[in-house]
Amino acid sequence: MNKWQYIVSAILILLLLSEIVWYSPFYNVRKGSFNVLSVVQQSNEVSTNVTITYRFNAGLPLDATVMVTPVREAYQDLPVFLFYDRDYPVLETDWSLIAMLQGYLKAELSLRGYSAEPKLASADVLESIMSKNESAVVIMASGAFPSCIFSKEKDLVRPWIESGGILVWLGYYIGYYVVESGMQKEQITYNMSQNLRENGSRELGLEGFFEYFALDDNPKVANSSSQLSEALDTTYSLIQQAPLLRMVMSGGGVALGSVGGENPLRFRSSISMIPLGRGKIMIFGFFLMPSLFSNGPELVAWDIAQIMCSGVLQMNPDLVPWYRTYNLSEGKAITDISNLSMGSDVAGFVVFEYTPKESETVLFHREFINRK
Amino acid sequence: MRRAISFLRNSFKHELTGFVIIGVLLRIVLMPYFVWPYDMSAYQSSLVYFMNGKDPYALHASVYPPFTYFITFPMFGLAYQFGISFDFHSILEVLSKTGVEGPVPITQISPLFLVFWKIPILCFDLLTGILIYYFVKAMVSDTTMPKRCFLVWFFNPFTLVLSYLQGSFDVVVAFFILLGAFFLFRDDFLFSGLSFGLGTLAKTSPIFVAIPLAAVLLIKGVSSSSKTLNLKLNIRTFLKFTIGCVLPLLCFAPLAIEYLNLMWSGISEEISIAGGLNQWFFAADPLRSGWINQHIVTIQTVFKFYPVIALTIAVVFSGLLKLGRKRILLLTAFFTNLIYFFLQMTLQPQYLLWTLPLFAVLMSSTKRYLWSLSLYSAAGLFFILSLQGPQIFLYPLAMYTSLYPPKQLAISVMNYVNLPGVFSQNLRQDFCTIFGGLGFIGLSLTMVLLVKSLLVEKDNE
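These protein sequence lines are chains A and B, in that order.
Each residue of the first sequence is one higher than the last, beginning at 377 in my numbering.
Each residue of the second sequence is one higher than the last, beginning at -7 in my numbering.
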């Protein structure tokens, strides 16, 4: 053998050894874990006191947050659909970004143990889901409703949400634009006859929620964290087309993202959750951005997965989730307790543990515990 | 022990020693300093998934090859054992400013991560330089030429920027393609195949070079003594090469399969200059016609025929040419360059690195390849710098010192991004079109040159 043959052989052997260790069950990172050890509930007529004991074991260095969210209704993994139909135009974004969002969301939900896999859905599929009032999460990031589900003549969206559907919206003002199959992106203008414009949000029960300014006259970025954005580590920051925070709050909703704007009366949240009947609308303040890092598909998928898996969609907006953060060095273990009190209208609580994006350990845990 | 001392003594007497020491020191200085915001965070986060024992492809967390992770895994594993942390943070005040426009995020990454990440790059970079030296030494009798060719590679600003500023692993691909060509040159078909196979674990491209080469070996065979060629020998040669190629892929399945799947299904659905040197440089659309994107489906169809096109060319060459050692090297360069025309809608500038070592070797016998090498290096280098502007050199100052506040950097970057262009929307886009065009012209001329060399190359090697 000559020396270059030795080099090829050495590289191959190094790679094989590395592969064996990586697949080995003894690889020490697999020791990282989170377990709920015990749950003690003491109830009386008006409230329940809950004490949860849990334990962390760190394999690699571990930064983690434990969140306990009291929820009002049964907590279940709804099917998830992303609107993706190339027969329709997109506004200010691209179908490929939406396809990427699905890929990232699939990964993020799977890490958190969410049982339903997000699927791409055409306008026809959405029409079918909404006309049958099927319980589902529908994510629309193209910026416009297809006319088969929402138009001047037809509204399948609002009845579907009111029956328990969850709509996640990214784009211009919700309901403003309506597009037809076969239209080109270049044909879309704000004054097209089929657009519902300001009436769109009114039809969806969101009258007065938005300020309709020219795009550049809107504040762009929210800089202050909200309580829930900190607890959930959400990062979406755009608020150009976000609803007014005071309207969201007065409608029984909550801010799940950062907050910003010109003055407190006109503050907006980058992610807002607004209840509508038995369902919810979750509004992101603008479009998906073509960025790897900020406001792009990867981080929006993270935000959506955090929100869906933490139980905040089902929580009572008057109750604030309990959360605590941890920084453990490699190989350390810790046992801790969470004490919280919840009202009689609570159906149970979700214990959600996650490691933030910057953590060197990837460890998620999600558990729903019924109120006794 | 005596042999080791003798080896070291001889090494220090070697004509490259001084250059290697200077080059390595320069690289070590660059390693912790530079961070390329597009890639380093993505490398870091996908490595975190891998270190956690999770399949980065199933989790949609990575477009980087399994080779990268398996080669860095033992080193990072050891570092974790010693409690070294590689965390990174987004600089929020900058993120919110630049996040609106999308393209210019700034992230703070541990300098230690940058060093650890770039150590394998340094190893392969050095190995490539040394291989160029020995390859040229085996090819030409001019005693000064090996050193010159080594220097052209080792101090090429394009390779330095790509490997130590961007942290790109493309030097690994470049090394394995050159090594594959080197083994072919020495009639060592099994190890040539192994080199292309290992290269394929690092990026899909080497397999697309290996396929037409395998066809040539089957049809024509390669030997220094052409009289002995026969079908049986050709089949044996072909099998050695193919088994060598497939072996590393089998060893690292299923991750390798997942990675290849991801790459082959991941062709962008819209041409954009937003991240790469575009061989279809007119896609920057200076005339605003949108023609390329309107015909994207048709254009993509052409790419799917690459294997057929490459095999047809291989058959034609096999029929026309008598294949000697020098021609097989030219053919390797030809097929490596051919993939640039077919496999990527958006050609990242770093991909040009794959072929540079081959030119560094070829220039020893045909000086004109120095022009190809220079053109590729200049186009790639200036394209990559145009993307972020001169501010890229100030990133570390903003991240690690108080000399240049991140907010000020963000404003400065955004000012550059928004500078109005002469024939497109902004100046940045103009630069990308110009340097993308330069790269495209360089590629086209080089292909003509390679075909000419193949046709006129003497057969009596």
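Just so it is clear, CB atoms sit at the ideal spot from N, CA and C, and this is done for glycine as well.
Count the other CB atoms, across all protein chains shown, that sit within 10 Å of the CB of residue i; report buried if there are 16 or more and exposed otherwise.
i         : result
Thr438/B  : buried
Val300/B  : exposed
His6/B    : exposed
Asp609/A  : buried
Arg700/A  : exposed
Pro388/B  : buried
Asn373/A  : Outside the shown range of chain A (377 to 748) lies residue 373/A, about which nothing can therefore be said.
Ala283/B  : For clarity, residue 283/B is Trp in the given sequence; the question names Ala instead. Label assigned to Trp283/B: exposed.
Ala245/B  : exposed
Met377/A  : exposed
Ile(-3)/B : exposed
Gly574/A  : Inspection of the sequence shows that residue 574/A is occupied by Glu rather than by Gly. When all chains shown are included, Glu574/A counts as exposed.
With DSSP collapsed to three states, give me the class of residue i.
i         : result
Ile474/A  : helix
Arg644/A  : strand
Gly584/A  : coil
Ala631/A  : strand
Ile515/A  : strand
Lys561/A  : helix
Phe728/A  : strand
Tyr25/B   : helix
Ala440/A  : strand
Met568/A  : coil
Lys224/B  : helix
Ala(-4)/B : helix
Tyr702/A  : strand
Pro48/B   : coil
Asn746/A  : strand
Ser430/A  : Before going on, a small fix: residue 430/A reads as Tyr here, not Ser. Tyr430/A: strand per DSSP, three-state reduction.
Met377/A  : coil
Lys656/A  : strand
Val409/B  : helix
Pro349/B  : helix
Met471/B  : Residue numbering for chain B in the displayed model covers -7 to 453; residue 471/B lies beyond these limits and cannot be assessed.
Spatial neighbours of residue i within its chain, please: C-beta separation below 8 Å, excluding the five flanking residues on both sides.
i        : result
Met559/A : Tyr464, Pro465
Leu487/A : Ala681, Val738, Phe740
Asn329/B : Thr347, Leu435, Thr438, Met439, Leu442
Thr9/B   : Ser3
Ile227/B : Leu210
Val421/A : Reading off the sequence, residue 421/A comes out as Glu, not Val. Result list for Glu421/A: Ser720, in chain order.
Leu18/B  : Leu152
Would you tell me roughly how many angstroms separate the C-alpha atoms of residue i and residue j, rounded to the nearest one?
i        : j        : result
Ile650/A : Ala631/A : 9 Å
Asp593/A : Tyr480/A : 32 Å
Glu85/B  : Val27/B  : Its pLDDT being 48, under 50, Glu85/B is placed unreliably in this model, and the coordinates cannot settle the point.
Ile505/A : Val21/B  : 59 Å
Gly489/A : Glu562/A : 41 Å
Tyr566/A : Glu468/A : 13 Å
Phe415/B : Gly429/B : 14 Å
Lys482/A : Ala50/B  : 9 Å
Thr731/A : Leu377/B : 35 Å
Leu604/A : Met691/A : 12 Å
Glu529/A : Gln616/A : 28 Å
Ile101/B : Ala206/B : 43 Å
Arg1/B   : Pro240/B : 36 Å
Ala325/B : Phe230/B : 19 Å
Ile111/B : Phe309/B : 40 Å
Met67/B  : Gly628/A : 52 Å
To which residues of the same chain is residue i closer than 6 Å at the C-beta, ignoring the five residues directly before and after it?
i        : result
Trp678/A : Glu484
Ser385/A : none
Trp536/A : Met506, Asn509
Ile515/A : Leu458, Val544
Leu454/A : Ser511, Ala512, Val513
Phe334/B : Phe295, Tyr298
Asn411/A : Arg431
Ile331/B : Ser197, Phe200
What residues in its chain sit with their C-beta under 7 Å from that of residue i, if we drop five residues either side in the sequence?
i        : result
Leu621/A : Ala631, Val635, Phe643, Arg644, Ser645
Asn703/A : Asp439
Glu736/A : Leu436, Pro437
Ala166/B : Thr120, Leu345, Trp346, Leu348, Pro349
Along the chain, which unbroken stretches of the alpha helix (DSSP H) at least 4 residues long are found entirely within the region 481 to 560 of chain A? Counting only runs of 4 or more, we get 499 to 507, 533 to 538.
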